[in-house]
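For the sequence shown, the residue numbers in my numbering are 1 to 350. Cβ atoms here follow ideal geometry from the backbone N, Cα and C, with glycine treated the same way.
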Amino acid sequence: MASYAIFDEQYYLAQYPWVKPAIDAGIIKSGREHFEKFGQAAGLTKVSRYFDEATYLAGNPDIAALVRTPNNQNAPFATGLDHFIQYGYEEGRTRVSAEYDEAFYVANNRQLQPFIQNGTFKNGYQHFIEFGIKDGQFGTSFFETEYLQKNLDIRPFVESGALKTGREHYVNFGKNEPNRSATFVGTSGNDILTGSGVGKVELIGVEVGLGTGNGFGSGRNYESDGSNEFDTLIGGSGRDTFVLGAALVGSKGNPAGVSQFYIGSGFATIRNFIQGQDSIQLAGYDLDKFLIVPINNNRDLAIQTNGFPTDFQNGVTQVSRFDTIAVIEGGGNLKLNLLPESRANLPLLG
1 MASYAIFDEQ YYLAQYPWVK PAIDAGIIKS GREHFEKFGQ AAGLTKVSRY
51 FDEATYLAGN PDIAALVRTP NNQNAPFATG LDHFIQYGYE EGRTRVSAEY
101 DEAFYVANNR QLQPFIQNGT FKNGYQHFIE FGIKDGQFGT SFFETEYLQK
151 NLDIRPFVES GALKTGREHY VNFGKNEPNR SATFVGTSGN DILTGSGVGK
201 VELIGVEVGL GTGNGFGSGR NYESDGSNEF DTLIGGSGRD TFVLGAALVG
251 SKGNPAGVSQ FYIGSGFATI RNFIQGQDSI QLAGYDLDKF LIVPINNNRD
301 LAIQTNGFPT DFQNGVTQVS RFDTIAVIEG GGNLKLNLLP ESRANLPLLG
């Protein structure tokens, strides 16, 4: 049974503006009607920000031979999208767009897993299309909602359909602009994040979302703290900040303490750290609460707690000592210093 759940009326009309006059003239009722009656068979494929024809065919090679081409005009499907609408969506195919990563979305929305297991949703993509987009969820490790919040000049282009997402803007334009900043976030599991771009880039291995209640940073909610996570944070060519902790913000925006990530089991592995360009963000009142020591025959550099106060599950404040929260690969000879741009409770090392 055909499913048109992915169809985005506004986006379709933005991609095919010649359809709108026919709607205004009363020839057809909507872009959806035009697509179902004419566009689908004619090979139109730009119906959603989160479906890409080339990505679908590349990710599902069994479909390519079934799509009509000048040399194969009797194939059963006009396009890969035609197949996806008729069968692929119901079959649970999720390799459909660079703007969506099934593994990330499911890991970043752990509450979905029981509903996928019991068949309420076929996969995370179905939830994302039918509910997640409306709720402001994002489909990749690129912190989409915050990027659009901080780059208001981009929003009109995304809202009009000239750009699919803020991520598309960053990948094609923003990463080459020194004044643009971006954030890549992880999940509550083990993640590998790679920074890209010539400007300021944050790499945060734990699970992050936007919110107004208790959270870390301005408008951020962190839904994991790095406990039992083993994340790999890989710097790019820009000014990367590897985030190992953050300031807590109360419900009214007032400071509410700090949270150091990776306390206990788990730590972050930092790769491609460039001293003088990159920085490491901790959370704490002074650097005396941390040790920075060479390990592995002086090849790598470890950041460890040294009497860092922390609240454990029993609600009693205890002290964490000699707990490795990060390892800088190849950093054994580094001499990290406190950077002048450090903020209260958020020391930056570089």
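The distance from the Cβ of Gly235 to that of Arg271 is about 7 Å, consistent with a contact at the 8 Å cut-off. The three-state secondary structure of Ile274, taken from DSSP, is coil. By DSSP's assignment, Ala75 forms no beta bridge with any residue.
C-alpha of Lys175 to C-alpha of Ala64: approximately 32 Å in a straight line. The DSSP-derived three-state label of Ile263 is coil. In terms of Cα proximity to Thr145, the closest of Gly219, Thr310, Tyr56, Ala247 is Gly219.
Counting the other Cβ atoms within 10 Å of the Cβ of Asp135 gives fewer than 16, which makes it exposed.
Boundaries of the beta strand (DSSP E) harbouring Phe230: 229-234, taken from the DSSP string. The DSSP-derived three-state label of Arg299 is coil.
With a beta-carbon spacing of about 17 Å, Ala268 and Val258 fall beyond the 8 Å limit used to define contacts.
In its chain, beyond the 5 residues on either side, no residue has a beta carbon closer than 8 Å to the beta carbon of Gly119. CA-CA distance, Phe322 to Gln86, rounds to 57 Å. Under the three-pair Cβ rule at 8 Å, the region 164-174 does not count as touching the region 13-31. Under the DSSP assignment, Ser320 falls in the beta strand (DSSP E) whose first and last residues are 317-328. When Ile292, Phe35, Leu81, Pro70 are compared, the shortest CA-CA separation from Ala54 is found for Leu81.
If the five residues before and after Gly43 are omitted, its C-beta is found closer than 6 Å to the C-beta atoms of Ala78, Thr79, all from its own chain and listed in chain order.
In the DSSP annotation of this structure, the continuous segment of the beta strand (DSSP E) that includes Gly186 starts and ends at 181-186.
The beta carbons of Leu287 and Pro294 sit no closer together than 7 Å.
Distance from the CA atom of Leu282 to the CA atom of Arg93, rounded to whole angstroms, is 40 Å. Using a Cβ distance threshold of 7 Å, Ser227 and Gly284 do not count as a contacting pair. Ranking Lys200, Val198, Gln126, Ser224 by CA distance to the CA of Gly209 puts Ser224 first. Phe51 and Asn71 have their C-alpha atoms roughly 25 Å apart. A check of alpha carbon separations from Pro178 across Ser97, Gln137, Asp240 identifies Asp240 as the nearest. For Glu99, the closest alpha carbon among the candidates Thr140, Leu66, Gly276 is that of Thr140. In the structure shown, the three-state DSSP call for Gln137 is coil.
Within a 10 Å sphere around the beta-carbon of Gly276 sit fewer than 16 other beta-carbons, which makes this residue exposed. Going by beta carbons, Leu339 and Gly350 fall inside the 7 Å limit. The beta carbons of Gly59 and Arg95 sit about 3 Å from each other, so the pair counts as a contact at 8 Å.
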